[in-house]
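Asker: Quick mapping for you: the protein sequence lines, in order, are chains A and B.
The first sequence begins at 1 in the working numbering and counts up by one.
The second sequence begins at 1001 in the working numbering and counts up by one.
Please read through the structure below; I'll follow up with questions.
Protein chains: 2
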Amino acid sequence: MRLKNEIEKISKEAKEASKVLAKSSTEIKNKALLSMSKELKQKSSTIIRENKKDLAHARKLKLSKAMIDRLTLDKERIKEMADSVKAVASLEDPCGAIDKMWKRPNGLVIGKMRVAIGVIGIIYESRPNVTADCASLCIKSGNAVILKGGSESINSNIAIYKILRNCLKNQGLPKEAIGMVASTDRKSVSCLLKMDEYLDLIIPRGGEGLIRMVAKESRIPVIKHYKGVCHVYVDREADIKKALNICINAKVQRPGVCNAMETLLVDKKIAKEFMPLVIGKLKAQGVEIRGCKATRALVKGIKLAKESDWYEEFLDLILAVRVVDGIDEAIAHIAEYGSNHSDTIVTEDFQRALKFLKEVDSSCVYSNASTRFTDGFQFGFGAEIGISTDKIHARGPMALEELTSYKYIVFGDGQIRK
Amino acid sequence: MRLKNEIEKISKEAKEASKVLAKSSTEIKNKALLSMSKELKQKSSTIIRENKKDLAHARKLKLSKAMIDRLTLDKERIKEMADSVKAVASLEDPCGAIDKMWKRPNGLVIGKMRVAIGVIGIIYESRPNVTADCASLCIKSGNAVILKGGSESINSNIAIYKILRNCLKNQGLPKEAIGMVASTDRKSVSCLLKMDEYLDLIIPRGGEGLIRMVAKESRIPVIKHYKGVCHVYVDREADIKKALNICINAKVQRPGVCNAMETLLVDKKIAKEFMPLVIGKLKAQGVEIRGCKATRALVKGIKLAKESDWYEEFLDLILAVRVVDGIDEAIAHIAEYGSNHSDTIVTEDFQRALKFLKEVDSSCVYSNASTRFTDGFQFGFGAEIGISTDKIHARGPMALEELTSYKYIVFGDGQIRK
């Protein structure tokens, strides 16, 4: 009951604060963001001191080296965090933008105006820089935010949060526009997800388990992606050099992220030539191959892929490889096993490229480019709050515009309905 | 269990069918819609025969005269229904439209393409024409639809549904793209709302009770409005004649709909002059006035408004009236008691009009026009599937574009991520 009251208080205060943020000028929001950037750098020793508590705790819990690395903050990383916040200040403010405007025969002029959504809840794991990244994007887009980070980074998160709130206050903005659920009680997430009276949107960032839990328990709309099972389909008309470059880049450049390739599909017409080349290069980069029967017939010493491998997001130097009968079987495979995230065709045949772009039902569909470009910065949005594979509200990389809604504003001169 | 299996079968079939619809051409979708329009007219005697069963049952249940009127179909009403379907065929197909396209410094060309959402569930009450209206809009926008109408109109709905499905089949489209939950078991709605594996969106249409139930039980995203507590604020700088016309129109022209005025707010600087005029005219039209103390001091013989009246959607010839201290108190009143639907300011002062348009957080905010214009047809969309007061996905009147999502299509020439 105490937990519920505490979270309700934070949520209610955020809702009130969101009304102020929604009508705040771009100038004042930017001033607050620039002072946040400055303060984060100036107070980096405080952040590092708190971060050390989290690291000591993490070592006691024997967390993995990768986990501890993600958790660690130093002067350089805090500078990067501060620079990100500064970059958000320089982005265009989506609020108040008129997407379109038209005139009706009766003289009414109707405009579609971008407005803030209200209160956004961010539920995330380990990396403490998410605290500053997400808070700055929500503030810039005129929203209040409630942050619920992982318990591993609780001391670092609180330190950052206190600095950010203080900067809001110093600019005359309500500090409650950045809220944090600091309780490490496991029930606190479930409790926050029931605050549909105050929160307008939840964006979970983390592993599939966390996201499934959030989607299942939330009474608030959730925008999310569960996983990224991304495909590269190498068509019979592919340019072999481009295909090799794209395959290596999509698999090897950063295998632990959601837009990395997990399954390679090769047109049987080109498989005999292409398969030994690509597998040779991938193996040289340390990639373990799990192939279909046809793949194994073409290249020796390959593990047989299990049915479950086609669904798998390996997030590692492992790749499932399959020979397909052509573009239709490739599209059918992606529809069956994919996660609607990012998929690419490599081909010089224009009609087949268009067919793939049209028929593959993923948030980002590519021709002749690496799936690794699915990212708010790479798309030119200047930021990223997450990636969605949903079809409601926002899809693909999400930045400031996706943190807004719209309203219709209507200019009349006494019109009444006939 | 049998109910669950049946609804799961309908949902699964609709999901499969949605994949075909999503890639169907505008031409074939329009052909199907035009044949539906024709068949509805040709088979009107069948529809009327089935409708008579519903009417007989309604009389047995002693449903109200208004309910029975809404339920009744005759040749004229079926013609109107058929004409609506024909009109949908003539609307522009949103699918495949590129909202924008841009080039990145590395040469990637990114386009934002409109695509169908998938399977839309429509849950509605009494009026059987909703069956044809919603089905035609979903088909035109490349979606499959599952219809769940009220039990009062079940025979009429089934008759219409059979005609529509047959037309899909005759054009080579999967008839399962129009599904119907025909069971009148009360559990069937709850069951449908759990089919989040197959359905992508739920749009409930009906009274507040139905919509609250749907929002509470659904595991599928719901787009909705609970009610329309719409305000007219008459500012001190109002043109009295425009203000009178707008007030009468917003309250009296069709009081039973969600965009009718429920509360009138009058600036105290103009109240002495305006209040007797507007109340006189409203009373002459049979409107019952419930006023605040200040209103009652200005006009004799008025009932005192209770606190609950400010929250009320009367849907009838009843109006709550309040004197406010000026625009800020008007905006605060709307924020406190409103339903974020449609609100209007009447003023000749440009700055105050802009302030109201900016600060009132409703889906449609007007200056100098009746709230009755919140409607897909009046906005020029050529259709309406519902009105949303949500901030996720769609807000205000919704038509074909709001029944779509988007995906990013990316044209590359071998680009890899650095």
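Glycine included, every Cβ here is placed at the ideal spot set by N, Cα and C.
Note that the coordinates shown come from a computational prediction; the quantities given were computed from them, not determined experimentally.
(1) Can you grab the Cα-Cα spacing for the pair residue 123/A / residue 85/A, in whole Å?
(2) Throw me the rounded Cβ distance for the residue 1259/B and residue 1184/B pair, which I believe falls under 8 Å.
(3) Please determine whether the Cβ atom of residue 1139/B lies at a distance below 7 Å from any heavy atom of the ligand FAD.
(4) Is the distance from the Cβ of residue 1348/B to the Cβ of residue 1238/B below 8 Å?
(5) Using the rule of at least 16 other Cβ atoms within 10 Å of the residue's Cβ for burial, across every protein chain shown, is residue 101/A buried or exposed?
(6) By a C-beta neighbour count over all protein chains shown, 10 Å radius and 16 as the cutoff for buried, is residue 421/A buried or exposed?
(7) Determine the contact status of residue 1220/B and residue 1264/B, defining contact as a CB-CB distance below 8 Å.
(8) The beta strand (DSSP E) spanning residue 1180/B covers which residue range?
(9) Jot down the residue ranges of each uninterrupted alpha helix (DSSP H) in the region 1125 to 1161 of chain B, minimum 4 residues, whole runs only, in chain order.
(10) Would a C-beta distance cut-off of 8 Å place residue 1323/B and residue 1294/B closer than the cut-off?
(11) Grouping DSSP H, G and I as helix and E and B as strand, with all else coil, what is residue 95/A?
(12) Could you list which residues in chain B have their beta carbon closer than 7 Å to that of residue 339/A, in chain order?
(13) Under a CB-based cut-off of 8 Å, is residue 1287/B close to chain A?
(14) Who are the neighbours of residue 396/A on chain B, taking C-beta pairs under 9 Å?
(15) Return no unless some Cβ of chain A is closer than 8 Å to the Cβ of residue 1412/B.
(16) Mark residue 1195/B as exposed unless 16 or more other C-beta atoms lie within 10 angstroms of its C-beta, in which case mark it buried.
(17) Taking the C-alpha atoms as reference points, what is the distance between residue 1087/B and residue 1382/B?
(18) Would residue 291/A and residue 302/A qualify as a contact pair, given that the criterion is a beta-carbon distance under 8 Å?
(19) Express the C-alpha separation of residue 1148/B and residue 1121/B in angstroms, rounding to a whole number.
(20) How long is the line joining the alpha carbons of residue 63/A and residue 71/A, rounded to whole angstroms?
(21) Kindly indicate which three-state DSSP category residue 1171/B falls into: helix, strand or coil?
(22) With a cut-off of 8 Å, does the C-beta of residue 351/A fall near any C-beta of chain B?
(23) Let me see if you follow: with CB-CB separation under 8 Å, is residue 172/A close to chain B or not?
(24) Whose C-alpha, out of 1166/B, 1154/B, 1171/B, 1146/B, is nearest the C-alpha of residue 1198/B?
(25) Got a sec: is the Cβ-Cβ distance from residue 1236/B to anything in chain A below 8 Å?
(26) Consider the Cβ of residue 366/A: report whether some Cβ of chain B lies at a distance smaller than 8 Å.
(27) Is residue 377/A buried or exposed, if buried means 16 or more other CB atoms sit within 10 Å of its CB?
(28) Could you confirm whether any beta carbon from chain A is found closer than 8 Å to the beta carbon of residue 1249/B?
(29) Use the C-beta contact count for residue 1005/B: other C-beta atoms within 10 angstroms, 16 or more gives buried, fewer gives exposed.
(30) Along the chain, where does the alpha helix (DSSP H) containing residue 20/A start, and where does it finish?
(31) Could you give the DSSP three-state label for residue 1404/B: helix, strand or coil?
(32) Identify which residue in 389/A, 319/A, 366/A has its Cα closest to the Cα of residue 1111/B.
(33) Can you pull out the residues from the region 114 to 144 of chain A whose beta carbon lies closer than 8 Å to at least one beta carbon of chain B?
(34) With three or more C-beta pairs closer than 8 Å as the rule, is the region 304 to 321 of chain A touching the region 221 to 240 of chain A?
(35) Please look up how many angstroms separate the CB atoms of residue 128/A and residue 153/A, rounded, as I've assumed it's under 8 Å.
(36) Look up residue 1100/B in the DSSP assignment and give the residues it is bridged to.
Answerer: In short:
(1) Residue 123/A sits at position 123 when you count from the first residue of the first sequence. Residue 85/A sits at position 85 when you count from the first residue of the first sequence. Each residue's alpha carbon lies about 19 Å from the other.
(2) Within the second sequence, numbered from 1, the residue matching residue 1259/B stands at position 259. Within the second sequence, numbered from 1, the residue matching residue 1184/B stands at position 184. With a Cβ gap of about 31 Å, residue 1259/B and residue 1184/B do not count as contacting.
(3) With respect to small molecules bound, the structure shown includes none, and the ligand FAD cannot be examined in it.
(4) Looking up residue 1348/B in the second sequence gives position 348. Looking up residue 1238/B in the second sequence gives position 238. The Cβ-Cβ distance between residue 1348/B and residue 1238/B falls below 8 Å.
(5) Here residue 101/A refers to the residue found at position 101 when the first sequence is read from its first residue. By the 16-neighbour rule on beta-carbons within 10 angstroms, residue 101/A is exposed.
(6) Residue 421/A lies beyond the residue range present for chain A, which begins at 1 and ends at 418; the question has no answer from this structure.
(7) Position 220 of the second sequence, counted from the start, is the residue given in the question as residue 1220/B. Position 264 of the second sequence, counted from the start, is the residue given in the question as residue 1264/B. The Cβ atoms of residue 1220/B and residue 1264/B do not sit closer than 8 Å to each other.
(8) Counted from its first residue, the second sequence places residue 1180/B at position 180. First-last of the beta strand (DSSP E) with residue 1180/B: 1178 to 1180.
(9) Counting only runs of 4 or more residues that sit fully inside the region 1125 to 1161 of chain B, the alpha helix (DSSP H) segments are 1129 to 1140, in chain order.
(10) By one-based count along the second sequence, residue 1323/B stands at place 323. By one-based count along the second sequence, residue 1294/B stands at place 294. For the pair residue 1323/B and residue 1294/B, the CB atoms are nearer than the 8 Å cut-off.
(11) Counting from 1 along the first sequence, the entry for residue 95/A is found at position 95. In the three-state reduction of the DSSP assignment, residue 95/A falls in the coil class.
(12) Counted from its first residue, the first sequence places residue 339/A at position 339. Here the premise fails: no neighbours, minimum Cβ distance about 14 Å.
(13) The residue labelled residue 1287/B in the question sits at position 287 within the second sequence. No, no contact with chain A.
(14) Indexing the first sequence from 1 puts residue 396/A at position 396. Chain B residues near residue 396/A: 1112, 1406, 1407, 1408.
(15) For the purposes of this step, residue 1412/B is taken as residue 412 along the second sequence, with counting starting at 1. Closer than 8 Å to some Cβ of chain A, the Cβ of residue 1412/B qualifies, so yes.
(16) Here residue 1195/B refers to the residue found at position 195 of the second sequence. With at least 16 other beta carbons inside 10 angstroms of its own, residue 1195/B counts as buried.
(17) Here the question's residue 1087/B lines up with position 87 in the second sequence. Here the question's residue 1382/B lines up with position 382 in the second sequence. Near 8 Å, if we compare the C-alpha coordinates of residue 1382/B and residue 1087/B.
(18) Along the first sequence, one-based indexing puts residue 291/A at 291. Along the first sequence, one-based indexing puts residue 302/A at 302. Yes, they are a contact pair.
(19) Along the second sequence, one-based indexing puts residue 1121/B at 121. Along the second sequence, one-based indexing puts residue 1148/B at 148. Each residue's alpha carbon lies about 8 Å from the other.
(20) Against the first sequence, residue 63/A aligns to sequence position 63. Against the first sequence, residue 71/A aligns to sequence position 71. One Cα belongs to residue 63/A, the other to residue 71/A, and the distance between them is close to 10 Å.
(21) The residue given as residue 1171/B occupies position 171 in the second sequence. Correct three-state label for residue 1171/B: coil.
(22) Numbered from 1 along the first sequence, position 351 holds the residue referred to as residue 351/A. Chain B contact via Cβ: absent.
(23) Against the first sequence, residue 172/A aligns to sequence position 172. Residue contact check for residue 172/A against chain B: no CB pair falls below 8 Å.
(24) Here residue 1198/B refers to the residue found at position 198 when the second sequence is read from its first residue. Looking at the Cα atoms, 1146/B is the closest of the given residues.
(25) Indexing the second sequence from 1 puts residue 1236/B at position 236. No, because no Cβ of chain A sits closer than 8 Å to the Cβ of residue 1236/B.
(26) Against the first sequence, residue 366/A aligns to sequence position 366. Residue 366/A counts as touching chain B.
(27) The sequence position of residue 377/A within the first sequence is 377, counting from 1. Exposed, since its Cβ has fewer than 16 Cβ neighbours within 10 Å.
(28) Reading the second sequence from its first residue, position 249 is the one you call residue 1249/B. So yes, residue 1249/B belongs to the interface.
(29) The residue labelled residue 1005/B in the question sits at position 5 within the second sequence. Exposed, since its Cβ has fewer than 16 Cβ neighbours within 10 Å.
(30) Along the first sequence, one-based indexing puts residue 20/A at 20. 2 to 22 is the extent of the alpha helix (DSSP H) around residue 20/A.
(31) On the second sequence, position 404 is the one that residue 1404/B refers to. Three-state result, residue 1404/B: strand.
(32) Taking the second sequence and counting its residues from 1, one reaches residue 1111/B at position 111. If you compare the alpha carbons of 389/A, 319/A, 366/A with that of residue 1111/B, the shortest gap goes to 366/A.
(33) The region 114 to 144 of chain A vs chain B, Cβ under 8 Å: 115, 117, 118.
(34) Remark: three or more beta-carbon pairs, one from each stretch, lie closer than 8 Å, so the region 221 to 240 of chain A and the region 304 to 321 of chain A are flagged as touching.
(35) What you label residue 128/A is simply residue 128 of the first sequence in a count that begins at 1. What you label residue 153/A is simply residue 153 of the first sequence in a count that begins at 1. Distance from residue 128/A to residue 153/A at the Cβ level is roughly 4 Å; contact confirmed, criterion being Cβ atoms closer than 8 Å.
(36) As a first step, residue 1100/B must be located in the second sequence, where it is residue number 100. Answer is 1112/B, bridged to residue 1100/B.
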